[in-house]
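The structure appears below as structure tokens.
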Amino acid sequence: MSLLPALSQEALLDALQENAQPGQYARQYLAQGQERLNQAFEHTNITDLVHARAALVDQVMIAAWSLFGLADRNDVALVAVGGYGRRELHPCSDVDLLVLLADTPEQALCNNLERFVAFLWDMGLEIGHAVRTLDECVDLARDDITVATNIMEARTLAGNDTLRGQLEDRTGPEHMWDSAAFFAAKWQEQTTRHKRFNDTEYNLEPDLKNAPGGLRDVQMIAWVAKRHFNADSLEALVSDGFLTPEEYGVLRKCLDYLWEVRWQLHVQTERNENRLLFDHQRQLADRLGHKDSSANLAVEHFMKGFYRVALALSVLNEMLLQLFDEVILSSNTQEQVRPLNRRFQVRNDYLEISSPDVLEQHPSALLEAFVLMAQNPDLKGIRASTVRALIYHRRQINDAFRNDPTNTSLFMQLLRSPHALFSQLRRMKRYGILGKYLPEFGGIIGMMQYDLFHIYTVDAHTLLVIKNMRRLRYEDLREEFPLASEVFYRLPKPELLYASGLYHDIAKGRGGDHSELGAVDAIAFCQRHGLTAWDGKLVAWLVRNHLTMSVTAQRKDISDPDVVYDFARKVGDLVHLDYLYVLTVADINATNPSLWNSWRASLLRQLYTETKRALRRGLNNPVEKQDWIDETRDAALRLLTDRDHDGPEIEALWANIGDEYFLRETPRDIAWHTEALLDREDPKDPLVLIRESSQSVLAGGSQIFIYTPDTRNLFSATVNALDSLGLTIMDARIITSVDGFSLDTYIVLDEHGTPIGEDWARIEQIRKTLTETLKYPDRYGTTVSRRMPRRNKHFDVPTQVVISNDIINDRTAVDIQTLDRPGLLAHIGRIFMRFEILVQNARIATLGERAEDVFFITDLDGEPVSDPTLCQELQQTLKQELDDKNSGNT
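If you want our numbering, it's the position in the sequence shown, counting the first as 1, plus 677.
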């Protein structure tokens, strides 16, 4: 299929002149031409397509220019700028134009130009245009680097090309923005742009144009090359010695890949979209030929390829800019060189190899470079020429290299380094050294998981875990992570912690249990690196159990001494507990910043503290529940009698509450509740108490305590009211007293993931809303209807429901995993109400787009739900209704 337009330039102009609706005809002509290009996508080089799209727009643009009588004038030129000027147009790219005037135009010319621009809009083109005189352009270019850059890429479409030539000459480096000023300004522009994307290629919804490793980074190289070296193409950098032919091949291949993705993104969205939003990723993966596998989704294959391309471009951009810096900005700087050892020296604070054959003669220097960087924190970086050498010679890393004691010793030396471990591992990854030295790590580079929980690729997450571990050494982190910092300093061998962090997710994407598979890899790593058998077993145990503490804290009732005892038995001793606690804190903080909040911190801290206490008592001497209850009652009674409350009156109140209350609540909270119950004016009204849970061991959320007559729909009414108030429920403890009252404690956070604080107006609003709801729970409104967040809509999370009996506590556990959405808890509560089920306890966890909630329920008589038929019906109803709601069917 020919990519050339169907009509000649003359024939198209004739057709426009003869048509009663030339704008509509031109629109159809463009659409037909674009459809022709889209059909050619699979068997046509993307560069040809991009140029053909520009040629198609050229044709209608030139015809339109003639249509309005502008072709014969010598005082005006139609000039393409920006990407259009480079002949790089994608289906919905903006078409940037400059109408360049020799002087201030007369009215007739202005009228024709207005008609011309209106016609372009009628054609359906997204144009960005400016009408300026030659002098105006020169003045603007002098003040605005963006204007100067656009002029560098200008080409004349129609009219007097002499005007563009004059503009190019007057805005050249001899008159403004010399090479040094231009380079410095563009570098700062890139730095500012990258900061908007957190200086990472690995954003969850990346911008393929503006983010690090995107198209702008390639254009940045081309702009500097053109301004300083007068290079008309990236390929010219090979002959100028800035790129090797192999590097140019990588650059060209990556650029073509991004162009292909952008082309299909425009076709799919029918607009100038450059963000790979969740809305588009699945369809793009399909359009680009990716298929699901047993271990990974097609979209995960696609995004892995994208991230690897972005990383490769980012490294090339970094290396070339440093080379340009040496030639352009630092060419007149006196060089200072000092030897570091026989293989390396320092040149102007950058590490470099002492001679070109160092890496060939001493392959171990591939690792030694990063050890030296860690040992010399004053160094600014690695010199570009040495980076190139490292990338080239990484091909020497093979099994013999990996098993060489010199190299394994160097890597362990790096792990034990007191400085910059994260920075050097990150450098090693960027230059392709880490993935070659640890092939299992190479397998996770660029790997994403298509969910909202893991917002980083697996490799980026892994290195962030190590960064978080290292940050615990700093004094300024002690306030944010007081216990983790304290525990970290007790670890006898921090390098074992770093090794567990490096391997905890190493087996993601292989299928199977990544914790078990990763433990096997960890053992092999430890053996190869000469660690003792005990050290290797500890690292493997940490990898195998890296999720255990998080799951226990968030999904189990850690106020239950049996749960704590079971966890203590898994841990075994204080050393394993210490390592696991620090790994867990670092892991959660590196998974998703929004996951770590004061509530999750408090759960882990409580589990750590109680487990430590259990280990000190001895695993053969577990705490008895009755002892726990008696200790709690006695402690609460002392607090109350110290405040002059009457002992018999307290005991009379507690007589009807039941033992479970004293098992689940703390002495301080029990005293708080009891005081309010003894002092309340009208015992018929519901009691609602609100305060920060930082006043108890459960620091990190706001506590809402409710005392009211128990009814079947109490839980559903309460969570509906809390949801309507914009509060997120983190934990729920529902206890029914002997005399039929409900003593419920909810731990909540506001919409920002923080406690309510001392916002008294907000607290009063919550108290009033809950009190009115609890007075008439049967009257509460329908479930709150709020829009599901945009990102969540694009995930298919089939509801899973597991029902099992908790024999020890005489209740039934209902484990629900489903798509998170507004009003979810209230909907679940309504289903429980229909089945005449009481909620006794709940653990609420939201992980990205997934809600993973556990409810502990009984029947109306307080007994476990033991009827298999009823359990099956409950399970089916929950799955059906929640899936229907998630898909928008109800």
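Even for Gly, the Cβ is constructed at its ideal location relative to N, Cα and C.
Start and end of the beta strand (DSSP E) containing A1398?
Element bounds for A1398: not the beta strand (DSSP E) but the alpha helix (DSSP H), 1391-1401.
Throw me the rounded Cβ distance for the A1528 and L1501 pair, which I believe falls under 8 Å.
6 Å
Would you call K872 buried or exposed, if buried means 16 or more other Cβ atoms sit within 10 Å of its Cβ?
exposed
Quick one: what does DSSP say R1015 is sitting in, helix, strand or coil?
strand
Excluding sequence positions up to five away, which residues of its chain have a Cβ less than 7 Å from the Cβ of L1354?
L1330, L1364, Y1384
Is the beta carbon of T1523 sitting closer than 9 Å to the one on D1497?
yes
Do V1531 and A1503 have their C-beta atoms within less than 9 Å of each other?
no
Nearest chain D C-beta to S1100 closer than 9 Å, yes or no?
Among the chains in the structure shown there is no chain D, since it carries only a single protein chain.
Note down the Cα distance separating Y1234 from L1168, rounded to an integer number of angstroms.
Reading off the sequence shown, one finds Asp at residue 1234, where the question assumed Tyr. Distance between the alpha carbons of D1234 and L1168: 28 Å.
Are I1334 and S1414 closer than 9 Å when you measure CB to CB?
yes
Give me the Cα-Cα distance between L726 and A717, rounded to the nearest whole angstrom.
8 Å
Could you tell me if K981 is buried or exposed, where buried requires 16 or more neighbouring beta carbons within 10 angstroms of its beta carbon?
buried
For S1062, the first and last residue of its enclosing beta strand (DSSP E):
Where S1062 is concerned, there is no enclosing beta strand (DSSP E), although the alpha helix (DSSP H) it sits in stretches over 1061-1070.
Hey, could you find the ends of the beta strand (DSSP E) M1407 is sitting in?
1405-1413
From the DSSP output, read off the bridge partner residues of P1386.
F1418
Measuring CB to CB, does I1130 end up less than 9 Å from N994?
With the sequence shown as reference, residue 1130 is identified as Phe, and Ile is not the correct amino acid for it. No; because the gap between Cβ atoms is not below 9 Å, this pair is not in contact.
Less than 9 Å separating the beta-carbons of I1433 and I1424?
no
Indicate whether the contact test is met: 3 or more Cβ pairs, each with one atom in the segment 1072-1081 and one in the segment 1108-1115, closer than 8 Å.
yes
With a cut-off of 8 Å, do at least 3 Cβ pairs link the segment 1175-1195 to the segment 1214-1228?
yes
Flag this pair as touching only if the segment 1050-1058 and the segment 1023-1032 have three or more C-beta atom pairs under 8 Å; answer yes or no.
yes
Determine which residues share a DSSP beta bridge with L774 and list them.
A757, H806
Taking the alpha helix (DSSP H) that A1161 belongs to, which residues open and close that run?
1159-1165
In this structure, does DSSP put A1519 in helix, strand or coil?
strand
Should A1199 be labelled buried (16 or more other beta-carbon atoms within 10 Å of its own) or exposed?
buried
Going along the chain, which residues of its own chain have a beta-carbon closer than 6 Å to the beta-carbon of R764, five neighbours each way excluded?
H728, A731
Can you say whether L928 is buried or exposed, counting buried as having 16 or more other CB atoms within 10 angstroms of its CB?
buried
Starting from the C-beta of L1174, find all residues in its chain whose C-beta is less than 7 Å away, skip the five residues before and the five after it, and write them out in chain order.
M1146, L1168, Y1256, V1259, L1260
Looking only at its chain, what residues have a beta carbon closer than 7 Å to the beta carbon of V794, apart from the 5 residues adjacent to it on each side?
H806
If I follow the unbroken beta strand (DSSP E) through Y1027, where does it start and stop?
1027-1030
Taking the beta strand (DSSP E) that T1489 belongs to, which residues open and close that run?
1488-1496
Using CA atoms only, rank isn't needed, just tell me which of P1360, D1362, L1317 is closest to T1351.
L1317
With H, G and I counted as helix, E and B as strand and the rest as coil, what does DSSP make of F1532?
strand
DSSP has V1365 in a bridge; who is on the other side?
I1383
Quick one: using the 10 Å Cβ neighbour count with 16 as the cut-off for buried, is K1106 buried or exposed?
buried
Between the Cα of L1251 and those of V1164, L1391, V1240, D1323, spot the shortest distance and give me the residue it belongs to.
V1164
Which partner residues of I822 appear in the DSSP bridge assignment?
Answer is none; I822 lacks a bridge partner.
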